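Chemist: The structure under discussion is supplied below as structure tokens; questions concerning it will follow.
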Amino acid sequence: MEYYIRPQGKFSLNLKELWQYRELFWFFTWRDIKVKYKQTLLGFLWAVLQPLLMMSVFVIFFSKGLNIPTDDIPAPIFYFSGLLFWNLFSSGLSSSANSMVVNADIIKKIYFPRLIIPFSGILVAFFDFLMAFLIFIIFIAFYLFIFTDFTIQPVIFLYFPLALTLTLITTLGMGCTLAALNVKYRDFRYVIPFAIQFLMFITPVIYPVTIFDNIPNLKYFLALNPMTGAIILARNAFVPGMVDWTIIGISIASAFFFFLLGIFIFRKMEAYFADIV
Amino acid sequence: MKPILEVRNIYKEYKIGGQKQRRLSLREELINSLKFTENKELFWALQDVSFDVFPGEYIGIIGNNGAGKSTLLKVLSKITPPTKGYIKARGRVASLLEVGTGFHSELTGRENVYLNGSILGLRRAEIEKKFDAIVDFSGVERFLETPLKHYSTGMELRLAFAVAAHLEPEILLIDEVLAVGDAEFQKKCLGKMDEVSKSGRTVLFVSHNLGLIKQLCTRTILLHNGKVKVDTNTAQATSIYMNLMAQKVENYEISKIDKTKPVFFEFIRLINTKHNSSEFPHNESISIRFKLVIQNWIDGVILTLGLLSKYKNRIFTIAKPLTDWTNPKTEEITLEFTLPPNLFVPSFYSWSLYLHIPGIDYVDEVRDVCPFRIVDTGSNMAIYEQEDYGHFFLKDYELKIV
Chain A
1 MEYYIRPQGK
11 FSLNLKELWQ
21 YRELFWFFTW
31 RDIKVKYKQT
41 LLGFLWAVLQ
51 PLLMMSVFVI
61 FFSKGLNIPT
71 DDIPAPIFYF
81 SGLLFWNLFS
91 SGLSSSANSM
101 VVNADIIKKI
111 YFPRLIIPFS
121 GILVAFFDFL
131 MAFLIFIIFI
141 AFYLFIFTDF
151 TIQPVIFLYF
161 PLALTLTLIT
171 TLGMGCTLAA
181 LNVKYRDFRY
191 VIPFAIQFLM
201 FITPVIYPVT
211 IFDNIPNLKY
221 FLALNPMTGA
231 IILARNAFVP
241 GMVDWTIIGI
251 SIASAFFFFL
261 LGIFIFRKME
271 AYFADIV
Chain B
1001 MKPILEVRNI
1011 YKEYKIGGQK
1021 QRRLSLREEL
1031 INSLKFTENK
1041 ELFWALQDVS
1051 FDVFPGEYIG
1061 IIGNNGAGKS
1071 TLLKVLSKIT
1081 PPTKGYIKAR
1091 GRVASLLEVG
1101 TGFHSELTGR
1111 ENVYLNGSIL
1121 GLRRAEIEKK
1131 FDAIVDFSGV
1141 ERFLETPLKH
1151 YSTGMELRLA
1161 FAVAAHLEPE
1171 ILLIDEVLAV
1181 GDAEFQKKCL
1191 GKMDEVSKSG
1201 RTVLFVSHNL
1211 GLIKQLCTRT
1221 ILLHNGKVKV
1231 DTNTAQATSI
1241 YMNLMAQKVE
1251 NYEISKIDKT
1261 KPVFFEFIRL
1271 INTKHNSSEF
1281 PHNESISIRF
1291 KLVIQNWIDG
1301 VILTLGLLSK
1311 YKNRIFTIAK
1321 PLTDWTNPKT
1331 EEITLEFTLP
1341 PNLFVPSFYS
1351 WSLYLHIPGI
1361 DYVDEVRDVC
1371 PFRIVDTGSN
1381 MAIYEQEDYG
1391 HFFLKDYELK
1401 IV
């Protein structure tokens, strides 16, 4: 084994090194999941309770109270599917954005590819997603059994994985960008909760994007937010008819843009994290 | 034989105010960039450092505070990249810049062994294989399933060190980590380190403790102001280092005052009105004067002041509550401490001063400063000057015919 330590050179993803450190990656994720639910009474149940409670509130206030349409999808399914992906994005984003600062002590003392840290932050959110997803499946099964007019489209097996990929790529990209910037400028610690709240309102979590049908092209503009595409895609699995692939296309392109930007910024700043964190 | 590490012309540049930079906000940065002024001062932490390390060598790295020792280890362990130069390595490097990196208080002892081991670069399978040996070495097997937050500091340290002691990389970098733990455990660790050196592993060892360096290392690199001053056998390097320390000016002005500290030392200086140097005749008193600035009053601060021997072992410590001289309205105070004459034998000494709240927090610390030398100007022990005849002159004793 022979290698060089040199001043920071040109940009490289160095996937080989990431692969070498895969065990550490799992250890960080494992630690964060463990710590997250240590000394809680309900433990993992929280991952399930949160979306369920939110969904109930949304159904009562937005659907029943404010009469916000749900695109012919039963309101609980409509909100649950939206929250499922939204929660993955929001909790993944906030944990990865803060991850570098939280792990500052380790970063200053030990070398490993720094990308591991924001990535494992997202994996923790993904674990919660899986828990909630299990309940979601039970939920759907229950609906199929009780309501004969409720159907799911076979494309669900395409749409859901695609929506998930879209969400993960977006979260990774934005998470890495914010994690890197947060190391240098702690301002971002205050920006993140605000940004997540702001994004929630411009993402069709509470409402369907069809309510903007009377404003031409607004939905294409909203699709620049990749979470718009992800949630639209997920919900389309419950209604017959075609997805507006222009929207999805814009979201996919935008997700890739955020992803590449995030990785680039992170890799660019990574070498000096230990000096400034 | 090819060197296992080739260090070639390494430079490392830092922007001064690294401490302050941490708190730089986006707003300040924007304002600074609008002013078009470069207010960044640059500082070379390492300059043109080159050396070779051969397999199986056990190298000590010494130098005073700010000489670049820790920076060198950080560059070698890839934590921070060099500004210029390169290092060619031919083996797996593990660095031990502190013990217990990544320990999490909510996890159990067992879980922490796995986590810490993994962070230090051990594979899962390796940890499993060594697990029993690690636990055995630490002596905390009874508490393995207890969360770390219920451990005493000593137990936590034992566990941390046990993991570290079982690292088996080709090259091990160690930074001053032995300075912790109780005496018995330190001895155990030293034994383990000795074992490591005999097993043919390569070790780079940073320490202030010259006694330890002498005990463990055959070759020593002396860093001074970021440069390699001497790279030779340990005996020679340590004696050059001690001379270097003695020639240093006696005043210690603290260059990087961290204004965020509620109470801090502003300067520390030796008082030697007669000779204007850091050499004191053995029959004169020795004084040290230091100024404390109190920005925010906090209760319970204790000032401790200690004398270090030339091997950086502590000779004595005094501890006094700050309230002996101050009240909540005090903004600054200058104190002077005086050692009586005819007490300590001719040798090299230095001071360590701390402000702390026992068991809670360190407020400020200044380690190993204001070195001075006591010279024998004609004591009855002068003929033994070349010998190690002890630490102090014993005055009140009885020796009589019975």
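In order, the protein sequences belong to chains A and B. Sequential numbering from 1 applies to the first sequence in our numbering. Sequential numbering from 1001 applies to the second sequence in our numbering. Note that beta-carbon positions come from the ideal geometry of N, C-alpha and C, so glycine has one too. Since we're looking at a predicted model, the values are computed, not measured.
Does the count of Cβ pairs from the stretch 58-73 of chain A and the stretch 154-174 of chain A closer than 8 Å reach three?
Modeler: no
Chemist: Counting contacts by CB-CB distance shorter than 8 Å, is Ser1095(B) in contact with chain A?
Modeler: The sequence position of residue 1095(B) within the second sequence is 95, counting from 1. It does: the Cβ of Ser1095(B) has a partner Cβ on chain A nearer than 8 Å.
Chemist: Can you pull the chain A residues whose beta carbon is under 8 Å from the beta carbon of Pro1410(B), in chain order?
Modeler: This structure does not reach residue 1410(B), given that chain B is present from 1001 up to 1402, and the question cannot be answered.
Chemist: Please state if the CB of Cys1370(B) and the CB of Ile1268(B) are separated by a distance shorter than 8 Å.
Modeler: The residue given as residue 1268(B) occupies position 268 in the second sequence. The residue given as residue 1370(B) occupies position 370 in the second sequence. Yes, Cβ-Cβ distance for Ile1268(B) and Cys1370(B) is below 8 Å.
Chemist: Around the C-beta of Gly1328(B), are 16 or more other C-beta atoms found within 10 angstroms, so that it is buried, or is it exposed?
Modeler: In the second sequence, the residue the question calls residue 1328(B) occupies position 328. Sequence check: residue 1328(B) is Pro here, not Gly. Pro1328(B) is exposed by the Cβ-count criterion.
Chemist: Using three-state DSSP, classify Thr1202(B) as helix, strand or coil.
Modeler: In the second sequence, counting from the first residue as 1, residue 1202(B) sits at position 202. Strand at Thr1202(B).
Chemist: Alpha carbon to alpha carbon, how far is Met1(A) from Leu1005(B)?
Modeler: Sequence index remark: in the first sequence, residue 1(A) carries index 1 (1-based). Sequence index remark: in the second sequence, residue 1005(B) carries index 5 (1-based). Cα-Cα distance, rounded: 12 Å.
Chemist: Ordered along the chain, which non-local residues of its own chain (more than five positions away) have a Cβ less than 6 Å from that of Ser1207(B)?
Modeler: On the second sequence, residue 1207(B) is found 207 positions in, with the first residue counted as 1. Correct list, in chain order: Glu1176 and Ile1213.
Chemist: What is the DSSP secondary structure of Ile1302(B), reduced to helix, strand or coil?
Modeler: Along the second sequence, read from residue 1 onward, the residue named residue 1302(B) stands at position 302. Looking at Ile1302(B) - three-state DSSP - the assignment turns out to be strand.
Chemist: Relative to the C-alpha of Pro1340(B), which candidate in Gly1085(B), Leu1399(B), Ser1285(B) and Arg1219(B) has its C-alpha closest?
Modeler: Reading the second sequence from its first residue, position 340 is the one you call residue 1340(B). For the residues Gly1085(B), Leu1399(B), Ser1285(B) and Arg1219(B), the minimum Cα distance to Pro1340(B) belongs to Ser1285(B).
Chemist: Which value, in whole angstroms, describes the spacing of the CA atoms of Arg1123(B) and Lys1129(B)?
Modeler: Taking the second sequence and counting its residues from 1, the one referred to as residue 1123(B) is at position 123. Taking the second sequence and counting its residues from 1, the one referred to as residue 1129(B) is at position 129. About 10 Å.
Chemist: Applying a beta-carbon distance threshold of less than 7 Å, which residues of chain A neighbour Arg1123(B)?
Modeler: Looking up residue 1123(B) in the second sequence gives position 123. Within chain A, the residues near Arg1123(B) are Glu23.
Chemist: Which residues in the same chain as Ala237(A) place their Cβ atom closer than 7 Å to its Cβ, once the five residues preceding and following it in sequence are excluded?
Modeler: The residue labelled residue 237(A) in the question sits at position 237 within the first sequence. The answer, listed in chain order, is Ile152, Gln153, Val155, Ile156, Tyr159 and Phe160.
Chemist: If I measure Cβ to Cβ from Met174(A) and keep anything under 7 Å in the same chain, skipping five residues before and after, which residues do I get?
Modeler: Taking the first sequence and counting its residues from 1, the one referred to as residue 174(A) is at position 174. Within the same chain, Met174(A) has close Cβ partners Leu93, Phe258 and Gly262.
Chemist: Can you pull the chain B residues whose beta carbon is under 8 Å from the beta carbon of Val35(A), in chain order?
Modeler: Here residue 35(A) refers to the residue found at position 35 of the first sequence. Simply His1104, Glu1106 and Leu1107.
Chemist: What is the DSSP secondary structure of Thr246(A), reduced to helix, strand or coil?
Modeler: Mapped onto the first sequence, residue 246(A) falls at position 246. Looking at Thr246(A) - three-state DSSP - the assignment turns out to be helix.
Chemist: Under the assumption that Phe80(A) contacts Phe139(A) (Cβ atoms under 8 Å), give the Cβ distance between them as a whole number of angstroms.
Modeler: Sequence index remark: in the first sequence, residue 80(A) carries index 80 (1-based). Sequence index remark: in the first sequence, residue 139(A) carries index 139 (1-based). Contact flag correct, Cβ pair sits at about 6 Å.
Chemist: I'd like to know if the stretch 1152-1163 of chain B and the stretch 1103-1114 of chain B are in contact, where contact means that at least 3 CB-CB pairs between them fall below 8 Å.
Modeler: yes
Chemist: Could you name the residues of the same chain whose beta carbon sits closer than 6 Å to that of Lys1074(B), not counting the 5 residues immediately before and after it, in chain order?
Modeler: Within the second sequence, residue 1074(B) is the residue found at index 74, counting from 1. Excluding sequence neighbours, Lys1074(B) sits near Thr1080.
Chemist: For Pro1403(B), which of Ala1089(B), Lys1149(B) and Val1113(B) has the nearest alpha-carbon?
Modeler: Past the boundaries of the shown model lies residue 1403(B); chain B is included only from 1001 to 1402, so the question cannot be answered.
Chemist: Would you call the stretch 120-138 of chain A in contact with the stretch 210-228 of chain A, where contact means no fewer than 3 C-beta pairs closer than 8 Å?
Modeler: no
Chemist: Residues of the stretch 260-276 of chain A in Cβ contact with chain B at a cutoff of 9 Å, in chain order, please.
Modeler: Ala271, Tyr272, Phe273, Ala274, Asp275 and Ile276
Chemist: Can you give the Cα-Cα distance for Glu1250(B) and Arg1373(B), rounded to whole angstroms?
Modeler: Position 250 of the second sequence, counted from the start, is the residue given in the question as residue 1250(B). Position 373 of the second sequence, counted from the start, is the residue given in the question as residue 1373(B). The pLDDT assigned to Glu1250(B) is 49, lower than 50, so where the model puts this residue is not dependable, and the model offers no usable value.
Chemist: Do you know whose CA, among Gly1226(B), Ile1134(B), Leu1222(B) and Val1228(B), lies nearest Cys1189(B)'s CA?
Modeler: As a first step, residue 1189(B) is located in the second sequence; it is residue number 189 there, counting from the start. Checked all of Gly1226(B), Ile1134(B), Leu1222(B) and Val1228(B); the closest Cα to Cys1189(B) is Ile1134(B).
Chemist: Is Pro240(A) buried or exposed, if buried means 16 or more other CB atoms sit within 10 Å of its CB?
Modeler: In the first sequence, the residue the question calls residue 240(A) occupies position 240. Counting Cβ neighbours within 10 Å, Pro240(A) comes out exposed, since fewer than 16 surround it.
Chemist: What does Pro977(B) reach in chain A if we use C-beta pairs closer than 8 Å?
Modeler: Missing from the structure shown is residue 977(B); chain B here goes from 1001 to 1402 and no further.
Chemist: Could you tell me which residues DSSP pairs with His998(B) in its beta bridges?
Modeler: Nothing can be reported for residue 998(B): it is not among the residues displayed for chain B, which extend from 1001 to 1402.
Chemist: What residues from chain A crowd round Arg1090(B), counting only those whose CB sits closer than 8 Å?
Modeler: Within the second sequence, numbered from 1, the residue matching residue 1090(B) stands at position 90. Met1 and Glu2, listed in chain order.
Chemist: Consider the Cβ of Gln1019(B): report whether some Cβ of chain A lies at a distance smaller than 8 Å.
Modeler: To locate residue 1019(B), count along the second sequence from 1; it is residue 19. Annotation note: pLDDT 43 at Gln1019(B) (below 50); position unreliable, coordinate value reported separately. It does not; no Cβ of chain A falls within 8 Å.
Chemist: Under a CB-based cut-off of 8 Å, is Lys16(A) close to chain B?
Modeler: As a first step, residue 16(A) must be located in the first sequence, where it is residue number 16. Not closer than 8 Å to any Cβ of chain B, the Cβ of Lys16(A) fails to qualify, so no.
Chemist: Could you name the residues of the stretch 1065-1080 of chain B whose beta carbon sits closer than 9 Å to any beta carbon of chain A, in the order they occur along the chain?
Modeler: Lys1074, Val1075, Leu1076, Ser1077, Lys1078, Ile1079 and Thr1080
Chemist: Could you tell me which chain A residues have their CB closer than 8 Å to the CB of Pro1169(B), listed as they occur along the chain?
Modeler: The sequence position of residue 1169(B) within the second sequence is 169, counting from 1. Going along chain A, no residue has its Cβ under 8 Å from Pro1169(B), so there is no contact; the nearest lies around 11 Å.
Chemist: Terminal residues of the continuous alpha helix (DSSP H) containing Asn1112(B)?
Modeler: Indexing the second sequence from 1 puts residue 1112(B) at position 112. Looking at the DSSP string, the run of the alpha helix (DSSP H) that includes Asn1112(B) is Gly1109 to Ile1119.
Chemist: Taking just the CA atoms, how far does Leu1308(B) sit from Val1228(B)?
Modeler: Stepping through the second sequence from its first residue, residue 1228(B) is reached at position 228. Stepping through the second sequence from its first residue, residue 1308(B) is reached at position 308. Spanning the two alpha carbons is a distance of roughly 25 Å.
Chemist: Apply the 10 Å Cβ neighbour rule to Asn1064(B) and answer buried if 16 or more other Cβ atoms are within range, or exposed otherwise.
Modeler: The residue given as residue 1064(B) occupies position 64 in the second sequence. It counts as buried.
Chemist: Would Thr1260(B) and Ile106(A) qualify as a contact pair, given that the criterion is a beta-carbon distance under 8 Å?
Modeler: To locate residue 1260(B), count along the second sequence from 1; it is residue 260. To locate residue 106(A), count along the first sequence from 1; it is residue 106. No, the pair does not count as a contact, with Cβ atoms beyond the cut-off.
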